[in-house]
Amino acid sequence: MNFVEAIGGVVTTTYRHIVDVFGLLWDTVAWIIIGPFKRKFPKREGISEQMVFAGIQSFVIVFFVAFFTGIVIAMQSAYQLNKFGATIYVAAMVSVSIARELGPVLTALVVAGRVGAAITAEIGSMKVSEQIEALETMALNPVRFLVVPRFLALIVMLPCLTILSDIIGVIGGFLVGVYNMGLNPYRYIDFSFNFMTWKDVSTGLIKSFTFGVIISIIGCYMGLTTKGGAEGVGRATTTSVVTSFVLIILFDCILTGIFYFSNI
Amino acid sequence: MEKQEPVIRVIDLKKKFGDRQILSGINLDIHKGEIFVIMGGSGCGKSTLLRHLIGALTPDEGSVYLLGQDISKLNEDQMDPIRKKIGMSYQGSALFDSMTVGENVSLPLREHTKLDPNVISIMVKMKLELVGLRGFENLMPSQLSGGMKKRVGISRAFAMDPEIVFYDEPTAGLDPIVTAVMDKLIVDLSKALSVTSVVVTHDMNSVFRIADRIAMLYEGRVVEVGTRDEIRNSKNPYVQQFVSGSPDGPIKFFQQKDDYLETLTA
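As you go down the protein sequences, you meet chains A and B in turn. Heads up: take any position in the first sequence, counting from 1, add 192, and you land on the numbering used here. Heads up: take any position in the second sequence, counting from 1, add 174, and you land on the numbering used here.
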């Protein structure tokens with residue numbers, strides 16, 4: 193009986209969390225769309241501040257991750273393609289796998305670790321020190337004031353970072369292909385872009401947009417539901433990052449499946 | 175004063191958290207311009223009551239009338255105009271630590287009014303002057319002492335020229351001199367700006383320095399309401415014990431001794 197009870201408890205709390213997360217997403221979108229009609233615009237300084245933090249300051253770490261991933265993919269695929277004497281296909285391998293998969297997913301994971309954690313920690317410590325309640329008492333809605341700028345910043349900046357990481361990853365592969373495997377640089381670039389279609393890039397960007405929604409909403413939700421002082425903030429931050437990671441991989445799988453079976 | 179419509183009226187307010195009954199039927203009237211103190215021991219439900227008064231919690235049963243409106247029946251949009259007429263000073267001051275002192279005080283003005291930034295900066299100086307902290311606009315909250323933070327919190331509560339100001343434990347954790355300063359500040363501000371003040375505290379020295387009327391809470395009920403003298407000379411044993419701060423009396427801080435042996439051997 194205890195076992196069944198435990199499972200029931202987990203199912204009901206998980207269900208409630210899911211409902212609440214969608215509630216927060218709904219509220220956020222409602223504030224963005226309906227807010228301006230009530231003359232309650234999102235704060236421009238707030239959004240640009242978050243964009244600088246989430247986007248520009250994440251660039252260095254995204255650069256390194258994308259660059260080394262490009263190099264690794266080039267070397268790993270060269271190891272396989274060498275057997276068929278088709279090393280020039282390294283170019284296509286790198287560009288397509290980075291645009292479709294590794295660019296969006298690795299960028300999202302890096303940003304979830306860096307920005308998602310910061311969002312939860314900041315909002316969580318505001319929550320435990322009564323600052324969220326103070327906002328409400330001043331008739332300032334925390335969703336409009338805190339969630340909307342972070343949400344907008346991430347859904348704009350994450351696709352931007354993904355485009356940059358696609359480019360950097362291809363450059364990493366190019367360096368290996370040209371300087372290590374001695375491929376012709378012009379043919380390498382030719383192969384890269386001939387095999388990479390607009391569809392590869394756009395599906396990657398749809399993914400990264402979705403990941404931006406996931407990171408911001410999970411980060412804010414975990415922050416706003418923080419309980420129990422400094423320890424609670426730590427716990428919320430860990431949960432936020434872990435949940436974002438799992439959801440990013442899960443939605444990557446779902447979206448890839450949709451793109452694959454619908455032949456988009 | 176008694177003839178006027180009360181600015182806050184609480185009718186048969188009940189609240190449960192899980193299985194625990196926190197408030198079990200509270201009735202209160204708070205009149206315009208008075209300093210009303212809600213006192214009681216830890217865990218008696220006074221903070222929960224305060225959160226109902228500002229609309230942060232909704233009652234299970236009963237109603238809370240704030241400035242003539244039943245706030246337990248209002249939605250967020252209807253609540254906002256009332257929220258702009260109240261101010262709240264928090265126990266931990268709740269200053270936004272990503273903003274300077276000046277930005278903290280000016281936030282409600284910047285968000286809710288169309289005033290020119292120059293006018294707002296003058297108003298911020300005036301609000302900080304009220305609490306004796308003019309010139310501290312550009313410091314961050316982390317650079318202030320506990321007492322100064324609380325004073326900034328009070329000046330932020332007064333930013334929108336509220337009709338009612340709520341104070342949650344305004345003197346908790348402050349030294350005796352700063353406590354006296356805070357008490358004087360609360361009295362002076364209430365009288366000078368003729369606002370209604372609701373103070374939640376368990377500091378008896380403060381209570382008798384500032385209160386016009388006092389309500390004593392115990393186990394989710396109002397045990398007694400009265401003026402300073404009525405409370406000081408109350409015959410009620412609960413009030414007597416609390417006022418004198420005695421460990422012996424009807425308010426128990428230890429569990430009954432009868433089942434001690436059973437608990438040990440269980």
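Virtual Cβ for every residue (Gly too), placed ideally from N, Cα, C. The structure displayed is predicted, hence computed values, not measured ones.
Might you give, ordered along the chain, the residues of its own chain that have their beta carbon closer than 6 Å to the beta carbon of residue i, omitting 5 neighbours on each side?
| i | result |
| --- | --- |
| Ser408/A | Arg342, Phe343 and Leu346 |
| Asp358/A | Ile290, Ala291 and Gly295 |
| Glu176/B | Its pLDDT being 48, under 50, Glu176/B is placed unreliably by the model, and the measurement read from it follows with that caveat. Within the same chain, Glu176/B has no close Cβ partners at all. |
| Ala331/B | Gly261, Met262, Ser263 and Val339 |
| Cys445/A | none |
| Gly236/B | Ile185, Asp186, Leu187 and Lys188 |
| Gly411/A | Gly308, Ile311, Thr312 and Ser432 |
| Met356/B | Pro344 and Thr345 |
| His209/A | none |
| Leu231/B | Arg225 |
| Ala428/A | Thr312, Gly316, Met414 and Thr418 |
In chain order, what residues of the same chain lie with their CB nearer than 8 Å to the CB of residue i, ignoring the 5 residues before and after it?
| i | result |
| --- | --- |
| Glu328/A | Pro334 |
| Gly419/B | Met378 |
| Val288/A | Phe387, Met388 and Asp392 |
| Ser316/B | Asp271 |
| Ile199/A | none |
| Ile425/B | Gly215, Tyr392, Tyr412, Gln415 and Phe416 |
| Ala246/A | Val303, Val307, Arg342, Ala345, Leu346, Met349 and Leu350 |
In terms of alpha-carbon separation, which member of the options lies closest to residue i?
| i | options | result |
| --- | --- | --- |
| Asp342/B | Met334/B, Glu311/B and Ser371/B | Ser371/B |
| Gly369/A | Ala278/A, Ala283/A and Val196/A | Ala283/A |
| Glu208/B | Val397/B, Val417/B, Leu367/B and Ile405/B | Leu367/B |
| Ser432/A | Cys445/A, Thr417/A and Tyr378/A | Thr417/A |
| Glu179/B | Ile405/B, Ile256/B and Tyr239/B | Tyr239/B |
| Gly374/A | Gln272/A, Ile280/A and Phe256/A | Ile280/A |
| Pro234/A | Glu241/A, Ile224/A and Thr204/A | Ile224/A |
| Val181/B | Phe191/B, Leu197/B and His205/B | His205/B |
| Arg336/A | Thr205/A, Thr204/A and Asp219/A | Asp219/A |
| Gly424/A | Ile324/A, Asn274/A and Ser317/A | Ser317/A |
| Met273/B | Ile253/A, Ala270/A and Gly238/A | Gly238/A |
| Glu404/B | Val381/B, Pro424/B, Pro421/B and Asp422/B | Val381/B |
| Pro255/B | Gln243/B, Gln265/B and Gly266/B | Gln243/B |
| Phe210/B | Leu307/B, Ile351/B and Ile388/B | Ile388/B |
| Thr353/B | Ile296/B, Arg383/B, Gly217/B and Ile212/B | Arg383/B |
| Arg231/A | Lys288/B, Ala230/B, Ser216/B and Glu436/B | Lys288/B |
| Met330/A | Ile228/B, Gly192/B and Leu318/B | Ile228/B |
| Leu356/A | Val252/A, Glu197/A and Tyr378/A | Val252/A |
| Gly305/A | Ala278/A, Tyr380/A, Val257/A and Thr395/A | Val257/A |
Residues of chain B with CB under 8 Å from residue i, in chain order?
| i | result |
| --- | --- |
| Leu332/A | Leu281, Pro282 and Glu285 |
| Ala304/A | The premise fails here: Ala304/A is roughly 22 Å from chain B at the closest Cβ pair, so nothing lies under 8 Å. |
Does the beta carbon of residue i come closer than 8 Å to any beta carbon on chain D?
| i | result |
| --- | --- |
| Gln323/A | The structure shown contains no chain D; the protein chains it does contain are A and B. |
Please list the partners that residue i has in chain B, where partner means a Cβ-to-Cβ separation under 9 Å.
| i | result |
| --- | --- |
| Glu293/A | Going along chain B, no residue has its Cβ under 9 Å from Glu293/A, so there is no contact; the nearest lies around 37 Å. |
| Thr222/A | With the sequence shown as reference, residue 222/A is identified as Ala, and Thr is not the correct amino acid for it. In chain order: nothing, as chain B lies at least about 12 Å away. |
Between which residues of its own chain and residue i is the CB-CB distance below 7 Å, once the five residues before and five after are set aside?
| i | result |
| --- | --- |
| Ser400/A | Pro296, Thr299, Ala300, Leu350, Pro351 and Thr354 |
| Ile406/A | Ser436, Leu439, Ile440 and Phe443 |
| Asn410/B | Val397 and Glu398 |
| Ser198/B | Lys188, Gly394 and Arg395 |
| Gly327/B | Ser263, Tyr264, Ser267, Ala268 and Leu269 |
| Gly276/B | Val298, Glu311 and Asn312 |
By the criterion of Cβ-Cβ separation under 7 Å, what are the contact partners of residue i in chain B?
| i | result |
| --- | --- |
| Glu328/A | Ala230 |
Run through chain A and tell me which residues come within less than 9 Å of residue i, C-beta to C-beta.
| i | result |
| --- | --- |
| Lys258/B | Met330 and Ala331 |
| Met262/B | Glu325, Ala326, Thr329 and Met330 |
Which bits of chain A does residue i rub up against, with CB to CB less than 8 Å?
| i | result |
| --- | --- |
| Ala268/B | Ser321, Glu322, Gln323, Glu325 and Ala326 |
| Asp254/B | Ala331 |
Our contact map puts residue i next to residue j with C-beta atoms below 8 Å; I'd like the distance itself, whole angstroms only.
| i | j | result |
| --- | --- | --- |
| Leu202/B | Pro233/B | That belief does not hold up - the Cβ atoms of Leu202/B and Pro233/B are roughly 13 Å apart, past 8 Å. |
| Lys258/B | Met334/B | 6 Å |
| Val373/B | Glu337/B | That belief does not hold up - the Cβ atoms of Val373/B and Glu337/B are roughly 16 Å apart, past 8 Å. |
| Val286/A | Gly361/A | 7 Å |
| Leu304/B | Leu363/B | 6 Å |
| Ser329/B | Val279/B | 5 Å |
| Leu216/A | Tyr378/A | 51 Å between Cβ atoms; not a contact. |
| Thr415/A | Glu325/A | Before going further, note that residue 415/A is Gly rather than Thr in the sequence given. That pair is no contact at about 14 Å. |
**Prompt:** Taking the runs of the alpha helix (DSSP H) that are 4 residues or longer, which of them lie wholly in the stretch 237-274 of chain B?
**Reply:** 250-257
**Request:** Let me know the alpha helix (DSSP H) ranges lying completely inside the stretch 343-367 of chain B, each 4 residues or longer, listed in chain order.
**Result:** 350-367
**Message:** Suppose only complete runs of 4+ residues qualify. What are the alpha helix (DSSP H) ranges in the stretch 283-340 of chain A, listed by chain order?
**Reply:** 295-303, 309-320 and 323-329
**Any alpha helix (DSSP H) of 4 or more consecutive residues that is wholly inside the stretch 195-237 of chain B** = 220-227
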